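Step one of this worksheet: look at the structure below.
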Amino acid sequence: MNKIAVTSEGPSLDDKVDPRFGRAAGFVVVDLDTMHTQYIDNGQTQMMGHGAGIQAAQLVARAGVKCLLTGNVGPKAFQALTAAGIKVVQKLAGVTVREAVERYQRGGVEVAQSPNAAGR
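Counting in UniProt numbering, the sequence shown runs from 1 upward without gaps.
What follows is the structure, encoded as structure tokens:
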């Protein structure tokens, strides 16, 4: 099974990519072999003062994904994701989840080597 997660403003492939990772509304998990999707609600992190990125990283890791597509990731979340063996693709904004997945499948994205957002 080849699964990726995309930060999303809603549960479908046609929703916009949420530019935030830790406080994203949720994650659309896509099985790239079947294009079957699952939505993981990330609402519990909205009120957290600190640790939202780490908690979100744990949610994504439990889903068994190999790569995360998002807009911005802070340093603690980036470290948690990479420690879990999850590759991170950043700087995706203004596109739908479907468009982000298609870019990934075409090889039109770059795996990040470092976080691109300041942490809290």
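C-beta: ideal position from N, C-alpha, C; glycine also.
Only a predicted model underlies this, so the values are computations on that prediction, with no experimental measurement involved.
**Message:** Taking a contact to mean a Cβ-Cβ separation below 8 Å, would you say valine 101 touches valine 30 in this structure?
**Reply:** Cβ distance < 8 Å, so valine 101 and valine 30 count as in contact.
**Prompt:** Can you pull the DSSP bridge partners for aspartate 15?
**Reply:** Paired residue(s): none; aspartate 15 is not in a bridge.
**Prompt:** Excluding five sequence neighbours on each side, which residues of the same chain lie with their C-beta closer than 6 Å to the C-beta of alanine 24?
**Reply:** By the criterion of a C-beta distance shorter than 6 Å, alanine 24 is surrounded in its chain by Thr7, Asp18, Asn42, once the five residues flanking it on both sides are discounted.
**Prompt:** What residues match up with residue 185 in a beta bridge as DSSP calls it?
**Reply:** Only positions 1 to 120 of the chain appear in the structure, and residue 185 is not among them; the question remains open.
**Asked** Nearest-angstrom Cα distance between serine 12 and arginine 20?
**Response** Those two C-alpha atoms are separated by around 17 Å.
**Message:** Using C-beta distances below 7 Å, list every residue in its chain close to arginine 98, excluding the 5 sequence neighbours before and after it, in chain order.
**Reply:** Answer for arginine 98: Leu13, Asp14, listed in chain order.
**Message:** Rounding to the nearest angstrom, what Cα-Cα distance links glycine 108 and lysine 76 in this structure?
**Reply:** Cα to Cα, glycine 108 sits roughly 26 Å from lysine 76.
**Counterpart residues of isoleucine 4 in DSSP-defined beta bridges** = By DSSP's assignment, isoleucine 4 forms a beta bridge with Val30, Cys67.
**Asked** Per DSSP, which one or two residues make a beta bridge with threonine 96?
**Response** For threonine 96, which the question treats as bridged, DSSP gives the partners Lys16.
**Request:** Go through its chain and collect everything with a Cβ distance to cysteine 67's Cβ below 6 Å, but skip five positions before and after it.
**Result:** Only Ile4, Lys87 meet the Cβ criterion.
**Nearest residue (CA-CA) to glycine 22, options Leu69, Leu32, Gly94, Gln113** = Ranked by Cα distance from glycine 22, the options Leu69, Leu32, Gly94, Gln113 are led by Leu69.
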